[in-house]
Amino acid sequence: MKLLKNTYKNRTLLFMALPAVIIMILFNYVPMFGLVLAFKKFNFAKGIFGSDWCGLDNFKYLFLVGETAWKLTRNTVLYYIAFTITGTVGSVMLAIGINEMVLKKTGRVFQSFMILPTFISYIAVSFVVYAFLKNDTGMLNRLIVSLGGESIRFYQDDSKWPIILLIVNMWKQIGYGSVLYLSVLTGIDPNLYEAAAIDGASARQKMWYITLPMLVPMVIIRTLMGLGRIMHSDTGLFYQVTKNSPALYDTTQVLDSYVLNAIMSSTDYGMTAATTFYQSVVGFLMVVGTNLIIRKISPDNALF
Amino acid sequence: MKKRKKISIGQWVLTLILGAYALACFLPVVLVVVASFTSDTYIQKNGFTFFPKEWSLNAWKYVAGYGEQLLVSYGVTIFVTVAGTFVSLVVMSMFAYSLSRSCFDLRKYLAIFMLITMLFSGGRLSSYIIETSVYGLRDSLLALIFPGISAMNIIIMRTYIQTNISDSLVESAKIDGAGEFRIFWQIVFPMMKPTIASVGFMQAVTYWNDWQKAFMYISSANKTPLQLLLIRIEKNVTFLLENQASIPASEYAELMNTLPQESGRMAILLTAIGPIAIAYPFFQKYFVKGLTVGAVKG
Numbered sequence: 002m003k004l005l006k007n008t009y010k011n012r013t014l015l016f017m018a019l020p021a022v023i024i025m026i027l028f029n030y031v032p033m034f035g036l037v038l039a040f041k042k043f044n045f046a047k048g049i050f051g052s053d054w055c056g057l058d059n060f061k062y063l064f065l066v067g068e069t070a071w072k073l074t075r076n077t078v079l080y081y082i083a084f085t086i087t088g089t090v091g092s093v094m095l096a097i098g099i100n101e102m103v104l105k106k107t108g109r110v111f112q113s114f115m116i117l118p119t120f121i122s123y124i125a126v127s128f129v130v131y132a133f134l135k136n137d138t139g140m141l142n143r144l145i146v147s148l149g150g151e152s153i154r155f156y157q158d159d160s161k162w163p164i165i166l167l168i169v170n171m172w173k174q175i176g177y178g179s180v181l182y183l184s185v186l187t188g189i190d191p192n193l194y195e196a197a198a199i200d201g202a203s204a205r206q207k208m209w210y211i212t213l214p215m216l217v218p219m220v221i222i223r224t225l226m227g228l229g230r231i232m233h234s235d236t237g238l239f240y241q242v243t244k245n246s247p248a249l250y251d252t253t254q255v256l257d258s259y260v261l262n263a264i265m266s267s268t269d270y271g272m273t274a275a276t277t278f279y280q281s282v283v284g285f286l287m288v289v290g291t292n293l294i295i296r297k298i299s300p301d302n303a304l305f
Numbered sequence: 373m374k375k376r377k378k379i380s381i382g383q384w385v386l387t388l389i390l391g392a393y394a395l396a397c398f399l400p401v402v403l404v405v406v407a408s409f410t411s412d413t414y415i416q417k418n419g420f421t422f423f424p425k426e427w428s429l430n431a432w433k434y435v436a437g438y439g440e441q442l443l444v445s446y447g448v449t450i451f452v453t454v455a456g457t458f459v460s461l462v463v464m465s466m467f468a469y470s471l472s473r474s475c476f477d478l479r480k481y482l483a484i485f486m487l488i489t490m491l492f493s494g495g496r497l498s499s500y501i502i503e504t505s506v507y508g509l510r511d512s513l514l515a516l517i518f519p520g521i522s523a524m525n526i527i528i529m530r531t532y533i534q535t536n537i538s539d540s541l542v543e544s545a546k547i548d549g550a551g552e553f554r555i556f557w558q559i560v561f562p563m564m565k566p567t568i569a570s571v572g573f574m575q576a577v578t579y580w581n582d583w584q585k586a587f588m589y590i591s592s593a594n595k596t597p598l599q600l601l602l603i604r605i606e607k608n609v610t611f612l613l614e615n616q617a618s619i620p621a622s623e624y625a626e627l628m629n630t631l632p633q634e635s636g637r638m639a640i641l642l643t644a645i646g647p648i649a650i651a652y653p654f655f656q657k658y659f660v661k662g663l664t665v666g667a668v669k670g
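Respectively, the protein sequence lines represent chains R and W. Residue numbers 2 to 305, in my numbering, belong to the letters of the first sequence in order. Residue numbers 373 to 670, in my numbering, belong to the letters of the second sequence in order.
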């Protein structure tokens, strides 16, 4: 009753919040109920909510027939872990490097260049990667041939892709990631370094005992906050840069690109629905779990 | 006079390494620029290089002549980016403002309502089916513009309002007789400039670079944004190359002629990434600020 009264008094505020609320209902909440499709035999004419139930059949196909679920999960999670580690280490190294530079202006110019890849769409990136990796006239293959090696058919050879994707992802992410760490570094009290210098600390000791410990909280928070997206990947990277080449699926297909592929080819929606259900539920558990941990370590950063 | 700082060898090495990496971030763009000015016969023989021996303006002539579809796609991308960024900023900032008002009891429930969307999602498939079959957004530009709001950005905005705009300012305006709506638009919104700039720029980049929604929803040519146009061109070229053997030679040449050559594709690509590559340095100081605000308090 009190709430109702207060809401009426502040009805302008409610009115201002309304557009966002409506958008969230339409595009976030209604699709959540659409997840029941995982337990249904989808029929276009009947729609999601009218289709017949089929129990756990869709999951049976996904988990028991073939190795799809296992392969997709493995790729998704492994890439996620590799990207997190290389991204964090790369970003921190760049930030420390730029922070240590005596020529501050030059450092800022460098950083501007390093941020650029973040803003280039994956479509553009896929064009450039293709220019490097093309079969006969790709730059990398021409280099290999001119060094006396044999050219590699990259888009048919799945063994090279984990490393290629790792490089492309680092190139695209670490410059932008370094911005945040650099802001932490510039915020460190210079007195700390002076005091250390008076006590006779070497440059390396200052790095090891002041700079790095100062960065640790941010690294932990960023890593934990990212964990909720462990079941998601950038489809730009995994679908476009690999040119969605079926020969590469074994090492490059992740849950998200599998689902996109299934939607575009409108194949069996049942199994796809089971996949997205699995993805959503595991994602939910990860977010809630990591939030519990964050709340223990640093309540300020907790989501709820 | 200030003494010039002595630069040690270690500094030189550090500067060189970082400079090399900065260059590596920039080189692919240079490659695209160079490729768009290289002659096609040279590319076909030698592949892309940074130092071609035969230059040509054909690609740009082609882009100029390609005309209509490119212009239409440019228009679609600009429309979606501007409309999407505008709508999402207005919707998000109003929501963030109502979340920040401590006299508004409902805000706790609204915050939870928003939080749930961060925790759980219906996934790509069910969104796709519902948006196409229930909302009728198939082949509609509205599908590209909506939803466009992110809970994370709302939190960034709310935190900014709470830490930078004092409650007493809002209260005193209220005593002077201004309504919440007016307070927001005339006092709070102008003061939110740094976060509006940083969130707005990131939103704009997301809209400009988005290919996936267009890829899933858009089919007609007059609604094709730039990124999708690039995907289509690339797909047609690959298709032709793969089926070269099964298509009669004369027909193949004719079909190939309707598509841009390698340098032409690079030129189109450049028109797609150019605006953002030019704009982002101007927004840099804002998104650095925005990033830090968002990270300090979620």
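Every residue gets a Cβ at the ideal spot worked out from N, C-alpha and C, and that includes glycine. Since the structure is predicted, the reported quantities are computational estimates derived from the model, not experimental observations.
Given a length threshold of 4 residues, each whole run of the alpha helix (DSSP H) inside the region 545 to 621 of chain W is given here in chain order: 552 to 555, 565 to 581, 584 to 589 and 598 to 614.
Under the Cβ criterion of 9 Å, Gln633(W) is not counted among the residues facing chain R. Between the alpha carbons of Asn76(R) and Val255(R) lies a gap of roughly 6 Å.
Chain order gives the chain R residues near Thr387(W) as Met102, Leu104 and Thr107, where near means a beta carbon separation below 8 Å. Close to Trp583(W), with beta-carbon spacing below 8 Å, are these residues of chain R in chain order: Ser122, Tyr123, Ile124, Gly237 and Gln241. Annotation: Cβ neighbours of Val463(W) in chain R (cutoff 7 Å, chain order): Pro20, Ala21 and Ile24.
Per DSSP, the beta bridge partners of Thr410(W) are Trp427(W). Within its own chain, the residues whose Cβ lies closer than 7 Å to the Cβ of Ile517(W), once the five positions on either side in sequence are excluded, are Val452, Ala455, Gly456 and Val459, listed in chain order. Within the region 526 to 554 of chain W, those residues whose Cβ lies closer than 9 Å to any Cβ of chain R are, in chain order, Ile526, Ile527, Gly551, Glu552 and Phe553.
When secondary structure is reduced to three states using DSSP, Asp53(R) falls in the strand class. Interface annotation, Tyr62(R): not in contact with chain W, CB-CB separation never under 9 Å. Close to Gly290(R), with beta-carbon spacing below 7 Å, lies no residue of chain W; the smallest spacing is near 11 Å.
Taking a Cβ-Cβ cut-off of 8 Å, Asp412(W) has no neighbours in chain R, whose nearest Cβ is about 12 Å from it.
Interface flag for Arg510(W) against chain R is unset, since no Cβ pair is found closer than 9 Å. Contact between the region 212 to 229 of chain R and the region 280 to 294 of chain R is established, with three or more Cβ pairs separated by less than 8 Å. Think of a sphere of 9 Å around the beta carbon of Phe285(R): the chain W residues whose beta carbon falls inside it are Leu491, Phe492 and Ser493, in chain order. Contact between the region 262 to 278 of chain R and the region 36 to 49 of chain R is present: three or more C-beta pairs spanning the two stretches fall below 8 Å. When 7 Å is used as the limit between beta carbons, Leu14(R) is near these residues of chain W: Ser470, Arg473, Phe476 and Glu552, in chain order. Residues of the region 566 to 595 of chain W with a C-beta less than 7 Å from any C-beta of chain R: Val577, Asn581, Trp583, Gln584 and Met588, listed in chain order. Secondary structure remark: continuous beta strand (DSSP E) runs of at least 3 residues inside the region 82 to 139 of chain R: none found.
Straight-line measurement puts the Cα of Gln383(W) at about 47 Å from the Cα of Tyr259(R). By the criterion of a C-beta distance shorter than 6 Å, Ser540(W) is surrounded by no residue of its chain, once the five residues flanking it on both sides are discounted. Within its own chain, the residues whose Cβ lies closer than 7 Å to the Cβ of Leu641(W), once the five positions on either side in sequence are excluded, are Val404 and Leu602, listed in chain order. For Ile389(W), the closest C-alpha among the options Thr8(R), Phe16(R), Thr87(R) and Gly98(R) is that of Gly98(R). Taking 9 Å as the CB threshold, Leu27(R) lines the interface with chain W. Distance check between Val242(R) and each of Trp54(R), Tyr9(R), Arg109(R) and Ile124(R) places Ile124(R) closest, using alpha-carbon atoms only. Using a Cβ distance threshold of 9 Å, Val571(W) and Met529(W) count as a contacting pair. In terms of beta-carbon proximity, Ala407(W) lines the interface with chain R, with at least one pair separated by less than 9 Å. Annotation for Thr85(R): Thr224 and Gly227 place their beta carbon closer than 8 Å to its own, counting only its chain and skipping 5 residues before and after.
Contact with chain R is found for Thr421(W), since one of that chain's Cβ atoms lies less than 9 Å from the residue's Cβ. With a minimum length of 3 residues, there is no unbroken run of beta strand (DSSP E) contained wholly in the region 219 to 270 of chain R. In the DSSP assignment, Pro191(R) falls within the unbroken alpha helix (DSSP H) covering Pro191 to Ile199. One thing to note: Gln584(W) has its Cβ within 9 Å of the Cβ of Gly237(R). Scanning its chain for C-beta atoms nearer than 7 Å, with the 5 sequence neighbours on each side dropped, one finds around Ala569(W) the residues Phe655 and Tyr658, in chain order. Comparing alpha carbon positions, the residue from Ser122(R), Trp209(R) and Asp269(R) closest to Met94(R) is Trp209(R). Comparing alpha carbon positions, the residue from Thr489(W), Val506(W) and Gly494(W) closest to Ile526(W) is Thr489(W).
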